[in-house]
Amino acid sequence: MSINIGSQLISKLGSPNSRIPLAAKDIFNTAGYTYFSYDAGGSIEGKDRLVDEVGTGIIWLFGIPAYKKLIDSTIYKLFKISPEIDFRVIKNNNYLKSAIENAPTEQIVKELKQAVKNSKTTKALAIIKFALSLLLTMMSYKALTTFKQKMTKKNIEKEFIENKQKNYRNQKISPLFEDIAEFNDKNSKEISFGSNGIISAAEDFMINPVKNMIILDAGISTSRIKSARTKGEFMEYGIKEGSFLFFVYGAGRIISKGINKLSEKLLKAPIDLDAKFLASQTSEELLKNKNLQKETKDFIIMLKEKTNEEIYDFILKNQDNIAVKAAKESGIIATIKDSSGKVKIDTRKYIDLNEIKKLTNDLKSYIYNSKNTNIDKYIKKIKNLKVASTILNVAACCIALGIIVPKIMYEYRKKHQDGKNDFHVKTQYEKELAKKYS
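Residue numbering for the sequence shown follows the working numbering, starting at 396 and increasing by one per position.
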């Protein structure tokens with residue numbers, strides 16, 4: 396099996412379960428909003444936005460995974476339960492039996508049996524791991540928001556005092572600032588901060604890293620909007636957070652679905668399969684070997700006729716089946732090397748049969764559209780289209796987040812505030828300072 400680095404990257408960029416495309420979109424989003432803020436509101440707003448966007452991006456991308464690893468090495472270790480066990484595997488006795496019988500290593504057998512022996516603890520730990528990592532990440536974000544707002548407030552006050560002192564020297568008025576230089580931030584009226592949103596978790600969102608981030612993002616968006624310091628900032632956060640959620644999580648799927656349909660209908664080139672599979676030897680063998688095509692057809696029939704337990708058992712016992720190999724190469728089925736170095740299914744991990752069924756439908760279309768064509772040219776065309784469509788998809792979302800939406804906010808500020816260069820937080824706080832030192 397030959398899978399190059401480029402195909403792995405394209406696979407990650409095109410996967411709805413990968414954080415890499417989310418990171419790419421966030422980088423463009425951060426750059427666009429930071430530039431907009433520096434241009435519109437000057438250095439104070441620019442610094443406020445830079446700390447907010449970069450800090451939030453780091454917490455958003457790495458917060459939950461980092462806290463989960465911390466919990467794995469502490470709480471899980473304390474209870475002697477493997478954090479690699481997906482609790483959904485031990486919920487179904489038939490699944491579990493097959494997982495133990497077909498485990499690739501003795502260590503995994505021991506881990507599964509230990510988890511079964513303490514099934515309630517295993518499930519409780521999974522819930523605790525998700526909830527605690529989410530809570531700690533939100534607390535980290537709250538700490539960042541508090542730091543950022545206090546930093547900005549301090550910078551506004553510093554500039555205000557410097558301007559006042561400069562005006563005093565230029566106008567030669569009586570001293571007013573002997574005490575102001577000693578001004579303590581604790582004595583000022585605090586701009587209110589909103590509380591974090593309370594997020595309820597569902598079982599389906601506990602394991603998937605991207606779904607974890609959707610919940611985290613909902614919490615961050617809620618917190619940002621509620622902690623807005625002015626009406627103008629509230630509206631800008633509304634525009635920003637709404638567009639971010641759409642272009643990071645929703646638009647990519649919509650664009651991908653549309654491109655895939657157009658590609659298959661107009662070019663007879665289905666490109667919904669994973670890039671890693673398309674780059675593997677298996678994808679070529681499937682199109683050139685009639686027996687493998689029949690094997691795929693039989694697998695599809697089995698999916699319709701057998702129970703989920705029977706399908707799961709078949710997958711674990713027939714790991715060289717062409718459809719199972721495609722699922723492993725696509726990342727749908729997790730793998731691990733056994734004692735002999737052979738790649739086997741990691742039976743600690745849950746297998747989503749809905750994804751298996753979608754994969755087989757894609758394989759069916761892949762085979763059907765290859766009829767009466769030059770196989771090598773057909774594969775090359777699909778690979779090229781897969782790369783182009785994935786890059787186009789991510790690029791479209793990045794452009795929207797980094798250029799179009801910041802421009803919309805720019806125009807909103809020009810229309811609804813005192814010109815595009817009005818940093819409303821600064822303007823409001825300067826009014827408070829003017830009253831204090833009048």
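Even glycine gets a Cβ: it sits at the ideal position worked out from N, Cα and C.
*Just to confirm, are T532 and I476 a CB contact at a threshold of 8 Å?*
No, the Cβ-Cβ distance between T532 and I476 is not below 8 Å.
_D771, buried or exposed, once every other Cβ within 10 Å from all chains shown has been counted against 16_ = Label assigned to D771: exposed.
*Thinking just about the alpha-carbon of each residue, which of I459, I706, S438, V782 is nearest to the one in I523?*
It is I459.
*Over the uninterrupted alpha helix (DSSP H) stretch that includes T500, give me the two end residues.*
Secondary structure note for T500: it is in no alpha helix (DSSP H), with a DSSP letter that is neither H nor E.
_Need the endpoints of the beta strand (DSSP E) that V738 sits in, please._
First-last of the beta strand (DSSP E) with V738: 738-740.
_Bridge partners - K732, DSSP secondary structure assignment_ = Per DSSP, the beta-bridge partners of K732 are V738.
*Distance, K689 Cα to I706 Cα*: About 18 Å.
*State the DSSP-derived secondary structure class of R483, mapped to helix, strand or coil.*
Coil, per DSSP.
*Do you know how far the Cα of Y761 is from the Cα of N607?*
Taking C-alpha positions only, N607 is separated from Y761 by approximately 32 Å.
*CB of S413 within 8 Å of CB of K671, strictly*: With contacts defined as CB atoms closer than 8 Å, S413 and K671 fail to qualify as a contacting pair.
*asked:* If you measure between the beta carbons of I466 and S528, is that distance less than 8 Å?
replied: I466 is a Cβ neighbour of S528, given a cutoff of 8 Å.
*For A418, collect the residues of the same chain with a Cβ closer than 7 Å to its Cβ; drop the 5 residues on either side in sequence, then sort them by chain order.*
Contacts found: L456.
*asked:* My assumption, with CB atoms under 8 Å, is that T755 sits in contact with L698. Please give the rounded CB distance.
replied: Between the beta-carbon of T755 and that of L698 there is about 6 Å, and that keeps the pair under the 8 Å contact cut.
_Tell me which residues share the same chain as A498 and place their Cβ nearer than 6 Å to its Cβ, disregarding the 5 neighbours each side in the sequence._
In the same chain as A498, and ignoring 5 residues on each side of it, the C-beta atoms closer than 6 Å to its own belong to V504, T742, in chain order.
*Which whole-angstrom value is the C-beta distance of T451 and Y536, which I expect to be below 8 Å?*
Between the beta-carbon of T451 and that of Y536 there is about 6 Å, and that keeps the pair under the 8 Å contact cut.
*asked:* Suppose you measure from the CA of A664 to the CA of L539; what does that come to, to the nearest Å?
replied: CA-CA distance, A664 to L539, rounds to 47 Å.
*Buried or exposed: which applies to S734, given that a residue is buried once 16 or more other Cβ atoms fall within 10 Å of its Cβ?*
Its Cβ having fewer than 16 others within 10 Å, S734 is exposed.
*Alpha carbon to alpha carbon, what distance is there between I649 and A729?*
In a straight line, the C-alpha of A729 is about 26 Å away from that of I649.
*Measuring CA to CA, which of E700, A674, Q502 is closest to Y773?*
Nearest option by C-alpha distance: A674.
*asked:* Only counting the same chain, and skipping five residues up and downstream in sequence, which positions put a Cβ closer than 7 Å to that of V511?
replied: I485, L491, listed in sequence order.
*Inspect the CB distances between the stretch 777-787 and the stretch 679-694 and report whether three or more fall short of 8 Å.*
No: the two stretches stay apart, fewer than three of their Cβ pairs being nearer than 8 Å.
*Return the CA-CA distance between Q403 and Y462, expressed in angstroms with no decimal places.*
Looking at the backbone, the Cα of Q403 and that of Y462 are separated by about 26 Å.
*For the alpha helix (DSSP H) that contains Y632, what are its first and last residues?*
Looking at the DSSP string, the run of the alpha helix (DSSP H) that includes Y632 is 626-640.
*asked:* Check for me: the alpha helix (DSSP H) holding Y707 runs from which residue to which?
replied: Counting along the chain, the alpha helix (DSSP H) containing Y707 begins and ends at 703-712.
*Between the CA atoms of K753 and M546 - distance to the nearest angstrom*: If you take the alpha carbons of M546 and K753, they lie about 50 Å apart.
*Taking Cβ positions, are N550 and K442 nearer each other than 8 Å?*
Yes. Within cutoff.
*State buried or exposed for K830, treating a residue as buried only when at least 16 other CB atoms are found within 10 Å of its CB.*
Counting the other Cβ atoms within 10 Å of the Cβ of K830 gives fewer than 16, which makes it exposed.
*Anyone know if the C-beta pair for F639 and N424 falls short of 8 Å?*
Annotated as proximal: F639 and N424, with beta-carbon spacing under 8 Å.
*Taking one C-beta from the stretch 789-808 and one from the stretch 627-643 each time, how about it: are there three or more such pairs within less than 8 Å?*
Taking 8 Å as the limit for Cβ pairs, the verdict is that the stretch 627-643 does touch the stretch 789-808.
_Helix, strand or coil at I666 according to DSSP, with G and I counted as helix_ = Looking at I666 - three-state DSSP - the assignment turns out to be coil, as it is neither helix nor strand.
*asked:* Using the three-state DSSP reduction, which class does N779 fall into: helix, strand or coil?
replied: In the three-state reduction of the DSSP assignment, N779 falls in the helix class.
*The alpha helix (DSSP H) spanning A613 covers which residue range?*
First-last of the alpha helix (DSSP H) with A613: 604-621.
*With a Cβ-Cβ cutoff of 8 Å, do A623 and T677 count as a contact?*
Contact flag unset, no.
_Can you give me the C-alpha to C-alpha distance between E552 and G437, rounded to a whole angstrom?_
Near 15 Å, if we compare the C-alpha coordinates of G437 and E552.
*Out of I696, F431, N713, state which residue places its alpha-carbon closest to the alpha-carbon of R808.*
For the residues I696, F431, N713, the minimum Cα distance to R808 belongs to F431.
_Rounded Cβ spacing between I439 and E554 (contact assumed at less than 8 Å)_ = With 8 Å as the limit, I439 and E554 qualify as a contact, their Cβ atoms being about 7 Å apart.
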